[in-house]
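Student: Numbering (my numbering), first residue to last: 97 to 442.
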Ligand SMILES: *Cc1c(COP(=O)(O)O)cnc(C)c1O
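#1: Are there any heavy atoms of ligand 1 lying less than 8 Å away from the beta-carbon of residue 196, as far as the coordinates show?
#2: Less than 8 Å separating the Cβ of residue 174 from some heavy atom of ligand 1?
#3: Measure how close the beta-carbons of residue 314 and residue 170 come, nearest whole angstrom, since I'm counting them as under 8 Å.
#4: I need the straight-line Cα distance from residue 261 to residue 226, nearest angstrom please.
#5: Per DSSP, what kind of secondary structure is residue 148 in: helix, strand or coil?
#6: With a threshold of 8 Å, are at least 3 pairs of Cβ atoms found where one atom belongs to the segment 264-276 and the other to the segment 367-374?
#7: Within 8 Å: the Cβ of residue 381 and any heavy atom of ligand 1?
#8: Please state whether DSSP places residue 222 in a helix, a strand or coil.
#9: What number of angstroms, rounded off, separates the C-alpha of residue 417 from the C-alpha of residue 300?
#10: Can you give me the C-alpha to C-alpha distance between residue 340 and residue 202, rounded to a whole angstrom?
#11: Report the rounded CA-to-CA distance for residue 334 versus residue 311, giving the unit in angstroms.
#12: Sort 131, 179 and 349 by Cα distance to residue 143 and report the nearest one.
#13: For residue 456, count neighbouring C-beta atoms within 10 Å of its own C-beta (all shown protein chains included) and say buried if the count is 16 or more, exposed if not.
#14: When the distance is taken between beta carbons, is residue 374 closer than 9 Å to residue 392?
#15: If you measure from the CB of residue 277, is any heavy atom of ligand 1 nearer than 8 Å?
#16: What are the start and end residues of the beta strand (DSSP E) that includes residue 168?
#17: Cα separation between residue 152 and residue 126?
#18: Going by C-alpha to C-alpha distance, which of 199, 192, 405 and 426 sits closest to residue 275?
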């Protein structure tokens with residue numbers, strides 16, 4: 097790996113971050129707060145939230161088995177994705193490499209930040225080759241994006257290739273594990289200590305059932321987390337979100353229960369889909385959605401919209417011609433979808 101200083105934009109490396117009132121006074125013994133120009137009325141929403149979300153991180157660290165200094169929290173994973181561009185990629189000069197197809201936000205953030213986005217096509221099994229990704233890099237490649245289980249293909253990427261890529265790439269590897277709760281493959285969080293150039297992304301939006309509160313997590317070395325914290329908005333995770341996340345962490349057993357149920361429903365839905373006359377192929381999934389190749393994706397998508405059922409049309413995505421991406425719902429929702437597709441006349 098190059099040094100973190102070599103990988104960081106010079107202006108960010110030397111940046112002195114904004115210091116908020118809540119940064120400067122961190123003690124808990126004071127009882128009169130006249131330092132932040134807050135309104136003394138309208139408790140509890142009148143006070144600025146903890147800019148570093150320490151209580152939430154402390155609770156989270158018990159479940160994730162990663163200490164709080166290795167955790168960055170943001171307004172969705174999308175904030176962390178944007179921040180890695182802003183921290184490490186010089187606009188108009190640096191580039192990033194990513195698998196294709198994958199989650200669309202990596203390219204959008206690259207485009208917003210005027211950073212060249214180099215795509216390397218997955219193979220017929222939706223797997224990647226570390227050598228092919230490395231061959232697409234040059235001395236200006238700062239980041240490589242991987243997503244496992246991948247969106248929209250649904251499959252885990254091969255662990256040996258992920259490990260090889262992290263070991264051999266000189267820059268930072270962003271591994272998006274938004275769906276790893278639904279996979280049998282272990283998270284790379286367990287190996288964070290071994291890989292100083294790895295950033296693991298997770299989110300409250302999927303298994304945790306909290307897409308509305310907008311909370312994403314990045315796990316990495318203390319030094320990388322320090323850079324992300326330096327450039328984030330001071331109060332990027334609001335108080336309501338921090339409180340709701342803490343209350344979710346207290347009912348971890350319920351989340352495990354949802355995940356078990358959704359995996360069973362995924363297997364049920366995939367098996368039923370195999371029987372439909374409009375199905376050409378079902379791709380195996382390690383996530384809470386799956387990709388189905390159908391006889392005519394556009395026609396079936398529009399038919400389902402007419403029935404009040406929305407799936408994701410991935411027809412125009414690389415390697416996904418005539419594919420629909422189906423999120424696993426409740427048994428009732430899944431049966432509503434299946435009944436509509438049984439009635440469909442191609
Ligand atoms: C849904 C999803 C996310 C979640 O993003 P948030 O901003 O945390 O809601 C991240 N990565 C991938 C690949 C996703 O599909």
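For each residue, glycine too, the CB sits at the ideal point set by N, CA and C.
A quick note: this is a predicted structure, and the numbers were derived from the prediction, not measured.
Tutor: With the given structure in hand:
#1: Flag unset: Cβ of residue 196 not near ligand 1.
#2: At least one heavy atom of ligand 1 is nearer than 8 Å to the Cβ of residue 174, so yes.
#3: With a beta-carbon spacing of about 7 Å, residue 314 and residue 170 fall inside the 8 Å limit used to define contacts.
#4: Between residue 261 and residue 226, the C-alpha separation is close to 5 Å.
#5: Three-state DSSP puts residue 148 in coil, outside helix and strand.
#6: Contact fails: fewer than three Cβ-Cβ distances are below 8 Å.
#7: No, ligand 1 has no heavy atom inside 8 Å of this Cβ.
#8: Residue 222 falls in the coil class under three-state DSSP.
#9: Computed Cα separation, rounded: 30 Å.
#10: Annotation: residue 340 to residue 202 spans about 27 Å, alpha carbon to alpha carbon.
#11: Rounded to the nearest angstrom, the gap between the Cα atoms of residue 334 and residue 311 is 10 Å.
#12: It is 131 whose Cα lies nearest to the Cα of residue 143.
#13: What is shown of the chain runs 97 to 442, which leaves residue 456 out entirely.
#14: Closer than 9 Å, so yes.
#15: No, Cβ of residue 277 sits at least 8 Å from all heavy atoms of ligand 1.
#16: Annotation: the continuous beta strand (DSSP E) that includes residue 168 extends over 167-170.
#17: In a straight line, the C-alpha of residue 152 is about 21 Å away from that of residue 126.
#18: With distances taken between Cα atoms, residue 275 lies closest to 199.
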